[in-house]
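**Student:** Going by the working numbering, the sequence shown opens with residue 202, and the numbers climb by one from there.
Let me begin by handing over the structure; questions about it come next.
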Amino acid sequence: MIKLNRTFLLVLCSVLLLVMVAGNASARVEIYNDSITEGDGYQINNFVIDVTDVFVSANTVVFKVYERDELKVDKMINRNDSITFDFNGGEVELKLLSVFSATLPRAKVFITVSNYNIADLYANEVINGGHEYATYSGTPVIEITKTVDEDNIMVGDIITVTVTAKNNGDDKATNVIFSDPKQEHFILDKSILEQTGPMSMDVGASQTVFVYMLKATGAGTFTLKPSTATFSNSADQGFPQASSTTPTVTVTAPDRKNAVLELSASVDSMTVARNDQVTAVINIKNTGDAPASAVWVNMIIPQELEYMSGDSAIEIIDGIPKIYMESFGLQQEKEFTYAVKATELGTYALTTELTYESDDGDDAEKQKANAEPVTVSIYVQKGKYDELLEQPLYVYALPIIAIVVIGAWIFHRHKQYKF
């Protein structure tokens, strides 16, 4: 039972709410209840009700309803009669309450509007002289045009962008605010003119809004983003945002020039005796069509070999012989030498590595590159006296001891015979 009562209450509330909403949608709202002098009118937005003739003795009045300059209604009515006309989706009703004489004849009227949002009523007043002296609001139409001086360019080239606006509507545009987005794949090089507003534009008025220069940073076909404008009309009614045309720019990448460093290495002998030195030669040549920069050469030497000396350009950094050259010109070739000492028997590899940056003078970012590493092998064999040094100590000690003993005995006998 309790559940049924709750359900009934919910349904009842819903019905009442619908009735209230429906009632508000169709309810008539009073907007004027007073007199109007013959020859004057009453404006409701872009409609004007003219009181053209007042016949006091007959209690009749001739009313003419204009939408701007277009006559919509022309009717004579008696006291307590009404006229109605469509009004922006709603309906206006005018009822003649009375007529009376003054300096000029006057008609007292009662005006209501239904099915209309009263908040949208921006003009609601008596107009001296009738519709010919009314000020009407209309629809401004802001046409925005974005253009570029060139639509086929190379990476790094600069284009000039111009944005203009014109009011092609039938009303003044007010509170006009322009905006222009950043363009991807371009950077702003220079801003020449920037007028964002707020501003107003009369009917037919033109305005140059933006003039700026863009530098292309990447290749491709790009459609520039639209400039936009928000605005209102003379009655402060807002309108949808206007957008500009969107020109397309094709950006072509130039043929890139690259440095190509070729690396080679050799040794004066691939076979070396232990404790002897071997001389290595490094050759670097730029066979590309652009200079190189930040050139690093690393000489990887095994622990069994000892770095002894080299050209003045070679520095020991973190235990590794290295060469640094800030620049390496087009078709340039250089040679460097260094010496290592063999300390252990075996086969060892001398490896040379090279890194550099290619700079063709156009790209904002230099391209890093590596030359193909080169390796030369050397074989360390026994030295001239290595076999002697490898014999046990007693092999050398016994003969020496024998020689010393014999020498001492001869010396002793020599002293005996002397006396």
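Using N, Cα and C, we set each Cβ at its ideal position, and we do this for glycine too.
Only a predicted model underlies this, so the values are computations on that prediction, with no experimental measurement involved.
(1) So, helix, strand or coil for V606, using DSSP?
(2) Roughly how many angstroms lie between the CA atoms of I343 and N318, to the nearest whole one?
(3) Would you call the segment 385–400 and the segment 414–431 in contact, with 3 or more CB pairs under 8 Å?
(4) Taking the beta strand (DSSP E) that I515 falls in, what are its first and last residues?
(5) For R229, which option in Y267, N316, P341 and A259 has the closest C-alpha, if you only look at C-alpha atoms?
(6) Please identify the residue among I359, T346, L272 and V252 whose C-alpha is closest to the C-alpha of S380.
(7) Could you tell me which residues DSSP puts in a beta bridge with R229?
(8) For V498, which residues from the same chain have a beta carbon less than 6 Å from its beta carbon, with the 5 sequence-adjacent residues on both sides left out?
(9) Rounded to a whole number of angstroms, what is the C-alpha to C-alpha distance between I601 and G608?
(10) Looking at C-alpha atoms only, which residue of I284, P399, N353 and L546 is the closest neighbour of G419?
(11) Beta-carbon within less than 8 Å of N329's beta-carbon, same chain only, minus the 5 sequence neighbours each way: which residues are those?
(12) Please list the terminal residues of the continuous beta strand (DSSP E) segment that includes Y413.
(13) Does DSSP classify Y334 as helix, strand or coil?
(14) Please list, in chain order, all residues of the same chain as T348 whose beta carbon is under 7 Å from its beta carbon, the five residues on each side excluded.
(15) Considering only the beta carbon of each residue, do N376 and S338 sit closer than 7 Å?
(16) Starting from S401, follow the beta strand (DSSP E) in both directions and report where the run begins and ends.
(17) Mind checking whether V274 and F256 have CB atoms under 7 Å apart?
(18) Does the beta-carbon distance from F537 to D512 come in below 7 Å?
(19) Leaving aside the five residues before and after I278 along the sequence, list all residues of the same chain whose C-beta is less than 8 Å from its C-beta, in chain order.
(20) DSSP three-state call for A572: helix, strand or coil?
(21) Check I611 in the structure and name its three-state DSSP category.
(22) On a Cα-Cα basis, can you pick out the residue from A366, L394, F423 and K426 that is closest to S401?
(23) For A226, count the other beta carbons within 10 Å of its own beta carbon; 16 or more makes it buried, fewer makes it exposed. Which is it?
(24) Once DSSP output is grouped into helix, strand and coil, what is the label at R540?
(25) How many Å lie between A259 and P399 at the Cα?
(26) Between K583, E558 and P382, which has its C-alpha nearest A493's C-alpha?
(27) What does the Cβ neighbour count give for Y549, buried or exposed, with the cut at 16 atoms within 10 Å?
(28) Between Y334, F440 and I485, which lies nearest to T340 when the distance is taken from Cα to Cα?
(29) Can you tell me the Cα-Cα spacing of Y544 and Q532, whole angstroms?
(30) Mind checking which residues open and close the beta strand (DSSP E) that includes M277?
(31) Cα separation between V310 and T397?
(32) Output yes or no for whether 7 Å exceeds the beta carbon distance between S428 and S445.
(33) Work out the CA separation of T253 and N325 for me, nearest whole Å.
(34) Could you tell me if S236 is buried or exposed, where buried requires 16 or more neighbouring beta carbons within 10 angstroms of its beta carbon?
(35) Quick check: what's the CA-CA separation for E268 versus N247?
(36) For I611, count neighbouring C-beta atoms within 10 Å of its own C-beta (all shown protein chains included) and say buried if the count is 16 or more, exposed if not.
**Tutor:** With the given structure in hand:
(1) V606 carries a helical assignment under DSSP once its states are collapsed to helix, strand and coil.
(2) Roughly 27 Å between the two C-alpha positions.
(3) Judged by Cβ distances under 8 Å, the segment 385–400 makes contact with the segment 414–431, as three or more pairs qualify.
(4) From DSSP, I515 is part of no beta strand (DSSP E); its letter is neither H nor E.
(5) It is N316.
(6) The candidate whose alpha carbon is nearest that of S380 is T346.
(7) DSSP output for R229 lists S315 as bridge partner(s).
(8) These residues qualify, in order along the chain: I524 and L555.
(9) Roughly 11 Å separates the two Cα atoms.
(10) The shortest Cα separation from G419 among I284, P399, N353 and L546 belongs to N353.
(11) Spatial neighbours of N329 in its own chain (CB-CB distance under 8 Å, excluding positions within 5 residues in sequence) are listed in chain order as D241.
(12) In this chain, the beta strand (DSSP E) harbouring Y413 covers S407 to A417.
(13) Here Y334 sits in helix by DSSP.
(14) T363 and P448, listed in sequence order.
(15) No Cβ-Cβ contact shorter than 7 Å links N376 with S338.
(16) Taken as a continuous stretch (DSSP letters only), the beta strand (DSSP E) holding S401 covers M400 to M402.
(17) Not a contact, by the Cβ cut-off of 7 Å.
(18) Taking 7 Å as the Cβ cut-off, F537 and D512 qualify as a contacting pair.
(19) Sequence-distant Cβ neighbours of I278 in its own chain, meaning closer than 8 Å and more than five residues away, are T261, V262, F264, I284 and L297.
(20) In the structure shown, A572 adopts coil according to DSSP, grouped into three states.
(21) It is helical.
(22) When each option's Cα is compared against that of S401, the closest is A366.
(23) In this prediction, A226 scores a pLDDT of 44, lower than 50, which makes its location untrustworthy; the coordinate-derived value is nonetheless stated afterwards. Classification for A226: exposed.
(24) The identity of residue 540 in the sequence shown is Ala, whereas the question assumes Arg. A540 sits in a strand when the DSSP states are folded into three classes.
(25) Each residue's alpha carbon lies about 55 Å from the other.
(26) Nearest of K583, E558 and P382 to A493, Cα basis: E558.
(27) With at least 16 other beta carbons inside 10 angstroms of its own, Y549 counts as buried.
(28) Taking each of Y334, F440 and I485 in turn and checking the Cα distance to T340, the smallest one comes out for F440.
(29) The amino acid at residue 544 is misidentified as Tyr; the sequence shows Thr. Across the structure, T544 and Q532 are spaced so that their CA atoms are roughly 39 Å apart.
(30) It spans E271 to N279 - the beta strand (DSSP E) in which M277 sits, taken as one unbroken run.
(31) In a straight line, the C-alpha of V310 is about 47 Å away from that of T397.
(32) Going by C-beta atoms, S428 is nearer than 7 Å to S445.
(33) CA-to-CA, the gap between N325 and T253 works out to about 19 Å.
(34) Using a 10 angstroms sphere on the CB of S236, the tally of other CB atoms reaches 16 or more, which defines it as buried.
(35) If you take the alpha carbons of E268 and N247, they lie about 6 Å apart.
(36) That one is exposed.
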